[in-house]
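Peer 1: Mapping of the sequence shown onto this note's numbering: position 117 corresponds to residue 162, and the numbering continues sequentially without gaps. Cβ coordinates follow ideal geometry from the N, Cα and C atoms, glycine included. The structure presented is a predicted model; accordingly, all values stated were derived computationally and were not measured.
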Amino acid sequence: MFKFKDIKLSKMLLPIIIMLVVITIVVGIVWGRAKMDKGFIEKIGVIAREAATRLKLDKIPFLKKFFKKEEAPPQLEEMPEEAVLVKVYKVARRDFQDTLPSLGNIKGYREMDLKFEVNGVIDSINFREGEKIREGDIIASLDQYDSLLKLKYAKIELDKNKMLFELGSIIKMKLDQAELEYESAKSDLDKTYMYAPRDGVLGTRDAEVGEFATSNDKVVTLI
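1. Suppose you measure from the CA of V265 to the CA of I216; what does that come to, to the nearest Å?
2. Can the beta-carbon of L203 be found closer than 7 angstroms to that of Y240?
3. Closest by CA to S272, which one among G245, I178, D188?
4. Here's a check: name, in chain order, each residue in its chain whose Cβ is nearer than 6 angstroms to the Cβ of S192, leaving out the five neighbours to either side.
5. For I183, write down the residues that DSSP places opposite it in a beta bridge.
6. Tell me G165's beta-bridge partners as DSSP assigns them.
7. DSSP three-state call for I268: helix, strand or coil?
8. Can you look up L247 in the DSSP assignment and give me helix, strand or coil?
9. Tell me whether G7 is buried or exposed, calling it buried when 16 or more other Cβ atoms sit within 10 Å of its Cβ.
10. Cutting at 8 angstroms between CB atoms, please list the residues of its own chain near R250, excluding the five before and the five after it.
11. In angstroms with no decimal places, state the Cα-to-Cα distance between L247 and Q142.
12. Once DSSP output is grouped into helix, strand and coil, what is the label at D143?
13. From which residue to which residue does the alpha helix (DSSP H) around L196 run?
14. CB-CB under 7 angstroms to N206, same chain, minus the five flanking residues each way: which ones, in chain order?
15. Can you grab the Cα-Cα spacing for the pair L194 / I268, in whole Å?
16. Using C-beta distances below 6 angstroms, list every residue in its chain close to E180, excluding the 5 sequence neighbours before and after it, in chain order.
17. Taking the straight line between their C-alpha atoms, what separation do you get for E253 and Y198?
18. For the alpha helix (DSSP H) containing L234, list its first residue and its last residue.
19. Identify whether L148 lies in helix, strand or coil by the three-state DSSP scheme.
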């Protein structure tokens, strides 16, 4: 014969039995998805805990451990990273020149053969092949001994003719001729220098110091 206490205990266990049956059915249904969707199993667990809470199953002493909430693992305190010293350079745009020595022949769209205007022995060459020059630079020069003698003699003749003209011993034409010879001697002395006619680059050298050069001999090409 059942007692009243047994009936009361059966009523208390009824929800538990129902809950276990429901969980068994659910587990059977979702077991196939368990391996594929871990998140889905976690959702089922949440639903089961909510249902147990509503049925107050989590209040029963021997079932409490099944509904205990997992505590989040303690977070480790992040250690500050040690500062690393680095060098920083400010980038700026600027122009620069880079000169590289090399061998070769330079060809330009405008070339000029440079020659002396008078004959003579080459006394000096003041350039290197491939060197840049400016207009008016002295490129080479001839020996000036003969030109200086000619200029000195022309100066003596000019002074003598000036004195004779003042005394009335010669005509004006004779004095003018002496002045022309003096100016010609000065011009010939200046022509012993080879000046750069314009800015440019000097190409291959075709003459050497000590050689006799005429007005037809090329000394260098200006590019």
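Peer 2: A quick look at the data gives this:
1. About 47 angstroms.
2. Judged by their CB atoms, L203 and Y240 are not nearer to each other than the 7 angstroms cut-off.
3. Absent from the model: residue 272. The displayed extent of the chain is 46 to 268, so no value can be given.
4. If we look at S192 and ignore the five residues flanking it on each side, its Cβ neighbours are D233, L234, T237.
5. Y240, per the DSSP bridge assignment.
6. Residue pairing for G165: DSSP places it in a beta bridge opposite A258.
7. Of the three classes helix, strand and coil, the one that applies to I268 here is coil, per DSSP.
8. Reduced to three states, the DSSP call for L247 is strand.
9. Any property of residue 7 remains undetermined from this structure, which presents the chain solely from 46 to 268.
10. So the qualifying residues of the chain are I170, F172, E174, V264, V265.
11. Just so you know, the alpha carbons of L247 and Q142 end up roughly 20 angstroms apart.
12. Here D143 sits in coil by DSSP.
13. Per DSSP, the continuous alpha helix (DSSP H) segment holding L196 begins and ends at 190-212.
14. Same-chain partners within the cutoff: I215, K219, L220, A223.
15. Near 35 angstroms, if we compare the C-alpha coordinates of I268 and L194.
16. Counting only Cβ-Cβ distances below 6 angstroms, and skipping sequence neighbours, we find A241, R243, D244.
17. Going from the Cα of E253 to the Cα of Y198 covers about 30 angstroms.
18. In the DSSP assignment, L234 falls within the alpha helix (DSSP H) that extends over 217-235.
19. Reduced to three states, the DSSP call for L148 is coil.
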